[in-house]
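Chains as they are written, first to last, in the working numbering: chain A, 1 to 391; chain B, 392 to 782.
Below is one structure, written out as structure tokens; the observations come after it.
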DNA sequence: TCCCATTTGTCAAGGACATAGACAAATTGC
DNA sequence: GCAATTTGTCTATGTCCTTGACAAATGGGA
């Protein structure tokens, strides 16, 4: 025998999947209505719903009322039947949340990142999860999945983080493996900007758009791409690493290799340098610089204007390559409306088909949201997905 | 009743699909071997194969021999059971071919493009197909599908060609609709560079690569992107329109809007202009220019060098956005090894992670090949694909 | 209050498709 | 010629789905 006999026959899996999807789409629904919507017979629906209720995935919640005919029992997803964790690892803060099968946030917290990095972070994650699980009224071993967002370039195959300048020691261990072994739960590691893009796709500006880019502008720069409705990672996981775009400087300058030509031109350090170059004196952080701009300082305005011009050219380049319908900006610089308005002004002057520009809906929670979105999607796939046999 | 009862139950469709895929993967195979490879029972395989043979999809071809035990009858795909047409519409030539279910070319031809454009082209396609069908020993009404590659930006939803400078009158009609109505066959219209990328994906350099780009350099410039193994079209079908990359000129120069900044800098007109600027006198076409280069003319070398430098920067930009493993070049300029070698020299100096560069395997037949690849894939989907019911 | 139309959900019968195992037929090797 | 091996069919059995009948529950009207 090459393949063992399927535990649950394919036909029943398909029926179960159809029922689950129908209940997800409709919230609270009777078996008779499920039958009408799926086209399956009442008998089949009753069987499937009985199995799902026995296994805890569905629960009866009430009755129809007021219409002629016998009242129907209505069923809902038992959201608590699947809980997962999303963690956003930043260089200064770690945000974490537990969400249920419907994507509701059940518990959430935020702590300072352990500056020692490496295995200390794994310990920190582990403690966070135990604490969150308690707050959610459950225990860590009941959690089905962890999605971890991290800066850096991840190898799509192994999950190893190859480049992560801002987090010490994290490229020395196989974070996914170590963390997963420690918790005895599957762990997905993903680039934080990619997660932010997924977050916007799930419940943000990208909800109705299959082709958009999330551009993060802050200390560093990065991009997450949603194309044909799914995340685009590239051959080495480096898709969207726009730090290396040959814009804002000479592409052949060897200095661009370390930081990246574009990042050297529009990162927060470059902005402050530019501000000082224009004669500014009152800003040591980007927040100061925007404050100076709002106070009417011309050198701050010039620094922002020049940055916006370069970002507009970068977006033109991205538009020529990817044709996104929408570009969502985020990060400490990218979330500033002052900058985004300036970009909106430049864009139609450097590309014939400018995409729409929006500021991220979730601010610094975008990556956390994206992690939850992936977790929910993955739980659905694992629990109710229909997988055809590989030949 | 909302949905009509499925004609063929899903389980049988899945089994049929598994059988077909196994036969495709193994060429000539016995029913017993199909059973071993799929894990399905011998009985089921016999039933499915009998149905497929009755309907003409499979045919017995011989017997096993020489091994102990009873000889088995071997079966093959009946390749002639599905024939489709691929057409590559160029500004000067139209190439067309008929291929079978296995992607074998059954008939092929090439004619000059009718310069009057518009509906005259539809007539020309129609005549070509009738002629090819005759050469293939069949009739046009037996063909299942036409894939048409055309220059220009196509709306992914409607198939309408929005921008096509080199073909007159083709943006005035809904080519897909008109052509499909005329032939009474489904027609797929796709950008020619996208088709070239698909061709390389199907049977060229991209056969083992899920993330690569096909860059066409000639009179105009364009790019086809394969990401996650599938074609990337973008929101308006303009993904890969690298003519508008802000490279090789000032992105804010309004002149760049008509032709595109990058195309103005590296198209064949720009190359010849550059050659003359360097003092060249002996070239009125790009072929002349490369001949002058091979004769040792320094102004030709300088023109090619400068073009290669700009293309390298463009590939660096594409690499930063998409992280392809490979870039395949084609077109009258992009297929020249002289240029590609120069690009290979520049690339590591302007990007830290240069992709591999290869010249298209199919020359000017790449788009035709891509059309066949799509046609074969689509025929398989239509004929044997498993579609789950939409809820 | 009673009856009817309507709706829900279960029961029972039947069909399609799958599997397992027995078995006849065909072939090689000794 | 006989054993071993392999192919492909036949028979029995089980699962899943559908259909149609029917009991149970409900609202509205006489």
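Don't be surprised by glycine CBs; every beta carbon is placed ideally from N, CA and C.
task = To the nearest angstrom, report how far apart residue 297 of chain A and residue 264 of chain A are at their CA atoms.
result = What you label residue 297 of chain A is simply residue 297 of the first chain in a count that begins at 1. What you label residue 264 of chain A is simply residue 264 of the first chain in a count that begins at 1. Near 24 Å, if we compare the C-alpha coordinates of residue 264 of chain A and residue 297 of chain A.
C-alpha distance - residue 592 of chain B paired with residue 14 of chain A, whole-angstrom precision = Within the second chain, residue 592 of chain B is the residue found at index 201, counting from 1. Within the first chain, residue 14 of chain A is the residue found at index 14, counting from 1. Each residue's alpha carbon lies about 32 Å from the other.
message = Looking only at its chain, what residues have a beta carbon closer than 7 Å to the beta carbon of residue 651 of chain B, apart from the 5 residues adjacent to it on each side?
response = Locating residue 651 of chain B in the second chain gives position 260, where the first residue counts as 1. Closer than 7 Å at Cβ, skipping near neighbours: 634 and 635.
Chain A contacts made by the segment 622-644 of chain B, where a contact means CB separation under 8 Å = Contact residues of the segment 622-644 of chain B toward chain A are 623, 624, 625, 626, 627, 628, 629, 630, 631, 632, 633, 634, 635, 636, 637, 638, 642 and 643 (C-beta to C-beta distance below 8 Å).
key: Those residues which DSSP pairs with residue 214 of chain A across a bridge   = Working through the first chain from its first residue, we reach residue 214 of chain A at position 214. As computed with DSSP, residue 214 of chain A is found in a beta bridge with A:224 and A:328.
key: Simplified DSSP state of residue 395 of chain B, which is helix, strand or coil   = If you number the second chain from 1, residue 395 of chain B lands on position 4. Note that residue 395 of chain B scores 29 on pLDDT, short of 50, meaning its location in the model is unreliable and no value can be drawn from it.
request  = Spell out a yes or no on whether the segment 532-548 of chain B and the segment 575-583 of chain B are touching, meaning 3 or more CB-CB pairs, one atom from each, closer than 8 Å.
outcome  = Using a Cβ-Cβ distance cut-off of 8 Å, the segment 532-548 of chain B and the segment 575-583 of chain B are in contact, since at least three pairs of beta carbons, one from each stretch, lie closer than that value.
ask   = Is DSSP giving residue 635 of chain B helix, strand or coil here?
value = Counting from one through the second chain, the residue named residue 635 of chain B turns up at place 244. Three-state result, residue 635 of chain B: helix.
query = In chain order, what residues of the segment 210-228 of chain A put their CB closer than 7 Å to some CB of chain B?
reply = Along the segment 210-228 of chain A, the positions whose C-beta sits under 7 Å from a C-beta of chain B are 211, 227 and 228, read in chain order.
query = Name the chain B residues that come within less than 7 Å of residue 351 of chain A, Cβ to Cβ?
reply = Here residue 351 of chain A corresponds to residue number 351 of the first chain, with the count starting at 1. Per Cβ cutoff of 7 Å: 635.
query = So which residues on chain B does residue 324 of chain A lean against when the C-beta distance must stay under 9 Å?
reply = Numbered from its first residue, the first chain carries residue 324 of chain A at position 324. Listed by position along chain B, the residues whose Cβ is nearer than 9 Å to that of residue 324 of chain A are 625, 626 and 630.
Assigned exposure category for residue 570 of chain B - 16 Cβ within 10 Å defines buried = Reading the second chain from its first residue, position 179 is the one you call residue 570 of chain B. Under the 10 Å beta carbon count, residue 570 of chain B is surrounded by 16 or more other beta carbons and is classified as buried.
ask   = DSSP on residue 155 of chain A, reduced to helix/strand/coil?
value = Looking up residue 155 of chain A in the first chain gives position 155. The answer is coil: DSSP assigns residue 155 of chain A none of H, G, I, E or B.
request  = Could you name the residues of the same chain whose beta carbon sits closer than 6 Å to that of residue 45 of chain A, not counting the 5 residues immediately before and after it, in chain order?
outcome  = Taking the first chain and counting its residues from 1, one reaches residue 45 of chain A at position 45. The beta carbon of residue 45 of chain A sits closer than 6 Å to the beta carbons of 31, 34 and 35 from its chain, once the five residues preceding and following it are set aside; these are given in chain order.
task = Closer than 8 Å by beta-carbon distance: list the chain A residues that pair up with residue 708 of chain B, in chain order.
result = Mapped onto the second chain, residue 708 of chain B falls at position 317. What residue 708 of chain B touches in chain A: 245, 246, 247, 317 and 321.
Alpha-carbon to alpha-carbon, residue 469 of chain B and residue 170 of chain A = Your numbering for residue 170 of chain A matches position 170 in the first chain. Your numbering for residue 469 of chain B matches position 78 in the second chain. Straight through space, the alpha carbons of residue 469 of chain B and residue 170 of chain A are spaced by roughly 55 Å.
key: CA-to-CA distance, residue 696 of chain B to residue 609 of chain B, given in whole angstroms   = In the second chain, residue 609 of chain B corresponds to position 218, counting from 1. In the second chain, residue 696 of chain B corresponds to position 305, counting from 1. Approximately 16 Å, taken between the alpha carbons.
Sequence-distant residues of its chain with Cβ nearer than 8 Å to residue 402 of chain B (five each side left out) = The sequence position of residue 402 of chain B within the second chain is 11, counting from 1. Within the same chain, residue 402 of chain B has no close Cβ partners at all.
task = From the DSSP output, in three-state form, read off residue 350 of chain A for me.
result = What you label residue 350 of chain A is simply residue 350 of the first chain in a count that begins at 1. Three-state DSSP puts residue 350 of chain A in a helix.
key: alpha helix (DSSP H) runs wholly inside the segment 495-555 of chain B, at least 4 long, in chain order   = Listed in chain order, the alpha helix (DSSP H) elements of length 4 or more contained wholly in the segment 495-555 of chain B are 510-526.
request  = Under the assumption that residue 701 of chain B contacts residue 638 of chain B (Cβ atoms under 8 Å), give the Cβ distance between them as a whole number of angstroms.
outcome  = If you number the second chain from 1, residue 701 of chain B lands on position 310. If you number the second chain from 1, residue 638 of chain B lands on position 247. Cβ atoms of residue 701 of chain B and residue 638 of chain B come within 8 Å of each other, at about 6 Å.
ask   = By the 10 Å Cβ neighbour count, where 16 or more other Cβ atoms means buried, how is residue 518 of chain B classified, buried or exposed?
value = Indexing the second chain from 1 puts residue 518 of chain B at position 127. It counts as exposed.
ask   = Between the Cα of residue 205 of chain A and the Cα atoms of A:330, A:353 and A:339, which residue gives the shortest distance?
value = Counting from 1 along the first chain, the entry for residue 205 of chain A is found at position 205. Cα-wise, what sits closest to residue 205 of chain A is A:330.
ask   = So with Cβ pairs under 7 Å, would you call residue 164 of chain A a contact of chain B?
value = Within the first chain, the letter at position 164 stands for residue 164 of chain A. Not one chain B Cβ lies under 7 Å of residue 164 of chain A.
DSSP beta-bridge partners of residue 450 of chain B = Residue 450 of chain B sits at position 59 when you count from the first residue of the second chain. Answer is B:467, bridged to residue 450 of chain B.
key: residue 96 of chain A vs residue 716 of chain B beta-carbon contact at 7 Å   = The count along the first chain starts at 1 and reaches residue 96 of chain A at position 96. The count along the second chain starts at 1 and reaches residue 716 of chain B at position 325. Contact check for residue 96 of chain A against residue 716 of chain B fails: the beta carbons are separated by 7 Å or more.
ask   = Three or more beta-carbon pairs under 8 Å between the segment 315-322 of chain A and the segment 271-280 of chain A, yes or no?
value = No contact exists between the segment 315-322 of chain A and the segment 271-280 of chain A.
Boundaries of the alpha helix (DSSP H) in which residue 288 of chain A is found, first to last residue = The residue you call residue 288 of chain A lines up with position 288 of the first chain. Residue 288 of chain A -> alpha helix (DSSP H) spans 286-294.
query = Which value, in whole angstroms, describes the spacing of the CA atoms of residue 334 of chain A and residue 74 of chain A?
reply = Position 334 of the first chain holds residue 334 of chain A. Position 74 of the first chain holds residue 74 of chain A. Cα to Cα, the separation comes out at about 46 Å.
ask   = Helix or strand or just coil, what does DSSP make of residue 479 of chain B?
value = Here residue 479 of chain B refers to the residue found at position 88 of the second chain. Looking at residue 479 of chain B - three-state DSSP - the assignment turns out to be strand.
task = Whole angstroms is fine: what's the gap from residue 188 of chain A's alpha carbon to residue 196 of chain A's?
result = Taking the first residue of the first chain as 1, we reach residue 188 of chain A at position 188. Taking the first residue of the first chain as 1, we reach residue 196 of chain A at position 196. Straight-line Cα distance between these residues: approximately 15 Å.
request  = Please decide whether residue 704 of chain B counts as near chain A, where near means a Cβ-Cβ distance under 7 Å.
outcome  = Reading the second chain from its first residue, position 313 is the one you call residue 704 of chain B. It does: the Cβ of residue 704 of chain B has a partner Cβ on chain A nearer than 7 Å.
query = Under the criterion of a Cβ to heavy atom distance below 6 Å, does residue 761 of chain B qualify as lining the ligand ATP?
reply = The model depicted lacks the ligand ATP and carries no ligand whatsoever.
ask   = Nearest chain A C-beta to residue 775 of chain B closer than 7 Å, yes or no?
value = Stepping through the second chain from its first residue, residue 775 of chain B is reached at position 384. Put simply, the CB of residue 775 of chain B is far from chain A, with every gap to its CB atoms at 7 Å or more.
request  = Report the three-state DSSP secondary structure of residue 392 of chain A (helix, strand or coil).
outcome  = Because chain A in this structure spans residues 1 to 391, residue 392 of chain A falls outside the shown range and cannot be described.
request  = Just tell me which of A:67, A:130, A:144 and A:340 has its CA closest to the CA of residue 377 of chain A.
outcome  = Indexing the first chain from 1 puts residue 377 of chain A at position 377. Cα-wise, what sits closest to residue 377 of chain A is A:144.
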